[in-house]
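Numbered according to the UniProt record's numbering, the sequence shown spans residues 1 to 144.
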Amino acid sequence: MSQYSKVVVAVDLSEESELVAARARAIAAGAGCELHLVHVIEPLSFAYGVDIPMDFSGLQDEIQEQATKQLRQFADNNGIDADHQHILLGRPEVEIHTIAEQVGADLIVVGSHGRYGLALLMGSTANGVLHGASCDVLAVRVGS
């Protein structure tokens, strides 16, 4: 039996997300473990690091609508109920911590590209989730 009862699975909806979900399902298998799937959309203004005097709301809405469809399909493929699917807007590490606390998660599973050096200094979601998490974090190595 798993030592975990509620697991938040953070995905970016890339092909590599399947590896992250598979690891979470393996942990949950046979344990009656509750899986929550979360995808965080960064506001377009975050991507540029400055305020741009343009209205991105239409584009942001379109991105969110597309992500919701993708997450729903991904969740269906992984047997995760609609009430355990979360699309959030903000900084990934902050929003992942928030949803983990809201659902009472005792484990967060996130993908990691194993960055080092300058790439790590520029920030990685897995590193951000690890620091400040109030529960265990499993970083699943993905990519090359």
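By construction, the Cβ of each residue, glycine as well, lies at the ideal position given by its N, Cα and C atoms.
| Item | Value |
| --- | --- |
| Return the CA-CA distance between M1 and L59, expressed in angstroms with no decimal places. | At M1 the pLDDT is 47, less than 50, meaning the model places this residue with poor confidence; the figure from the coordinates comes in the next sentence. If you take the alpha carbons of M1 and L59, they lie about 45 Å apart. |
| Excluding the 5 residues preceding and the 5 following residue 199 in the sequence, name in chain order all residues of the same chain whose CB lies nearer than 8 Å to its CB. | Summary: the structure shown does not reach residue 199, with the chain confined to residues 1 through 144, and so no result is reported for it. |
| In the DSSP assignment, what are the bridge partners of L107? | V7, D136 |
| So I41 packs on I63, CB below 8 Å; how close in whole Å? | 6 Å |
| How would you label S65, buried or exposed, when you count the other beta carbons within 10 angstroms and need 16 or more for buried? | Position check: residue 65 holds Glu in this sequence, whereas Ser was assumed. With fewer than 16 other Cβ atoms within 10 Å, it is exposed. |
| When the Cα of D12 is compared with those of I27, A26, T68, S45, which residue comes out closest? | T68 |
| How many angstroms separate the CA atom of A32 from the CA atom of A24? | The residue asked about is misnamed: residue 32 is Gly in this sequence, not Ala. Taking the straight line from one Cα to the other gives about 12 Å. |
| For L37, which of S124, E18, S112 has the nearest alpha-carbon? | E18 |
| Taking all protein chains shown into account, decide if E101 is buried (16 or more other Cβ within 10 angstroms of its Cβ) or exposed. | exposed |
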